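Engineer: Quick one: the structure is below, questions incoming.
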Amino acid sequence: AQSVTQPDIHITVSEGASLELRCNYSYGATPYLFWYVQSPGQGLQLLLKYFSGDTLVQGIKGFEAEFKRSQSSFNLRKPSVHWSDAAEYFCAVGLDSNYQLIWGAGTKLIIKP
Amino acid sequence: SQTIHQWPATLVQPVGSPLSLECTVEGTSNPNLYWYRQAAGRGLQLLFYSVGIGQISSEVPQNLSASRPQDRQFILSSKKLLLSDSGFYLCAWSVLGRPDEAFFGQGTRLTVV
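Shown next as C-alpha cells:
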C-alpha cells in the first residue's frame, strides 16, 4: 500500500540556521510529490510540487525540495529559517491511479530565537 | 481566480446535536472536493471525496456523511454528534482528473461538549 513517512514529529531550529525536513514515500510508480505548510488554526498552503523534470524544485518562501528516486525521498530544505517559518509541514504523494493525495503525519517546526 | 470558502470557522455543539459544515468553491468547474479531519499529531485523515454532483466516496466509516448538492458545494453533516467528532475539519478542492495540488479552506474547529 502507498504510504508517506515523515519521521520527525517535531524539529527545533535556531533562527537563521538551515533546515531539512524529511519525507519518504512508498509507491510503485513515479509519484507526484508535494509539500504543504499549515500555520496554527489555518488551512494548508502549497509550498512546492514535483511532477517530472528537474529533481530540485524551488518553492515559495525560499523553500526547495529534492526528489531522490533511489532513496524514495523528497526532503524539504531552507538555507536560513525565519521565525515566521514556525508551522507544521506536510508531505504528500499524489496517485495517478485515483488522483488522491496520501499524506504524511506532519512535522512541527519550532524556531528558537 | 479560484477561491474556497468554508464556514463556520469555529463551532461548539452539544453531544447528540446535528452538524452541517458547508464548503463552496468559486472560479472553477467540476472540481474534486474533499473533506478532511485533522487530529493533533496525526496528519490529515480523508473522510469523503467527490468527483461530481451526488457522487460521494467515503474513506472512513463513521458518524458523518457528506453531500454535494451542487457542482461547487460540499456539505459535511451528522445527525447526532459524538464527543469523538471533535476536531479540525478541512475542505479542499483540486482539478478533476489530476493528482495535482489541493487548495484548502481555512478549516472549522469543531468542539463537541
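Sequences listed follow chains W and B, in order.
Residue numbering for the first sequence follows the working numbering, beginning at 2 and increasing consecutively.
Residue numbering for the second sequence follows the working numbering, beginning at 235 and increasing consecutively.
Heads up, the beta-carbon is just placed ideally off N, CA and C, and yes, glycines get one too.
Bear in mind the structure is a predicted one, so any value in this text is a computation, not a measurement.
#1: Residues of chain B with CB closer than 7 Å to the CB of F35/W, please, in chain order.
#2: To be precise: take each residue of the segment 301 to 330 of chain B, compare its Cβ to all Cβ atoms of chain W, and keep it if any distance is under 7 Å. Which residues remain?
#3: Quick one: grab the DSSP three-state call for R23/W.
#4: Alpha carbons only, please: which of L344/B, Q289/B and E335/B is nearest the one belonging to L49/W?
#5: DSSP has T6/W in a bridge; who is on the other side?
#6: By the criterion of Cβ-Cβ separation under 7 Å, what are the contact partners of W104/W in chain B?
#7: Is the separation between the beta-carbon of Q236/B and that of F337/B shorter than 8 Å?
#8: Taking DSSP's pairing of strands, which residues face L280/B in a bridge?
#9: If you reduce the DSSP assignment to three classes, tell me which class R302/B lands in.
#10: Roughly how many whole angstroms lie between the Cα atoms of Y268/B and L20/W?
#11: Rounded to whole angstroms, what is the Cα-Cα separation between P41/W and A88/W?
#12: Check for me: the beta strand (DSSP E) holding T342/B runs from which residue to which?
#13: Would the segment 7 to 17 of chain W and the segment 79 to 87 of chain W be scored as touching if the rule is three or more Cβ pairs under 8 Å?
#14: Thinking just about the alpha-carbon of each residue, which of Q46/W, G63/W and F91/W is nearest to the one in F75/W?
#15: Closer than 9 Å, Cβ to any Cβ of chain B: which residues of the segment 53 to 66 of chain W, in chain order?
#16: Which value, in whole angstroms, describes the spacing of the CA atoms of L280/B and K113/W?
#17: So, with DSSP's three-state summary, where would you put G321/B?
#18: Whole angstroms is fine: what's the gap from K314/B's alpha carbon to V346/B's?
#19: Would you kindly work out how many angstroms separate the C-alpha atoms of V5/W and I111/W, rounded to a whole number?
#20: Taking 8 Å as the threshold (C-beta atoms), are L255/B and I290/B in contact?
#21: Check the DSSP bridge columns for H239/B and list the partner residues they point to.
#22: If contacts are defined as beta-carbon pairs under 8 Å, then L344/B and L245/B qualify, I think. What distance do you get, rounded to the angstrom?
#23: Is it true that the CB of V94/W sits closer than 8 Å to the CB of Y116/W?
Structural biologist: Taking the coordinates as given:
#1: The answer, in chain order, is E335.
#2: The residues in question are L324.
#3: The answer is coil: DSSP assigns R23/W none of H, G, I, E or B.
#4: L49/W has its Cα closest to that of E335/B, out of L344/B, Q289/B and E335/B.
#5: DSSP lists N25/W as the bridge partner or partners of T6/W.
#6: Under the 7 Å cutoff, chain B gives G277 and L278.
#7: Yes, the Cβ-Cβ distance between Q236/B and F337/B is below 8 Å.
#8: Paired residue(s): Y270/B.
#9: In this structure, R302/B counts as strand in the three-state DSSP scheme.
#10: A direct Cα-Cα distance of roughly 31 Å separates Y268/B from L20/W.
#11: Those two C-alpha atoms are separated by around 7 Å.
#12: Note, T342/B: beta strand (DSSP E), T342 to V346.
#13: Judged by pairs of C-beta atoms under 8 Å, the segment 7 to 17 of chain W touches the segment 79 to 87 of chain W, as three or more such pairs exist.
#14: The candidate whose alpha carbon is nearest that of F75/W is F91/W.
#15: Result list empty, no residue passes.
#16: Near 33 Å, if we compare the C-alpha coordinates of K113/W and L280/B.
#17: Judged by DSSP in its simplified three-state form, G321/B adopts strand.
#18: Taking the CA atoms as reference points, K314/B sits about 11 Å from V346/B.
#19: Taking C-alpha positions only, V5/W is separated from I111/W by approximately 22 Å.
#20: In this structure, L255/B does not lie closer than 8 Å to I290/B by Cβ.
#21: Residue pairing of H239/B in beta bridges, as defined by DSSP: T258/B.
#22: Their Cβ separation, rounded to whole angstroms, is 5 Å, which keeps L344/B and L245/B in contact under 8 Å.
#23: The structure shown does not extend to residue 116/W, since chain W is modelled only from 2 to 114, so the question has no answer here.
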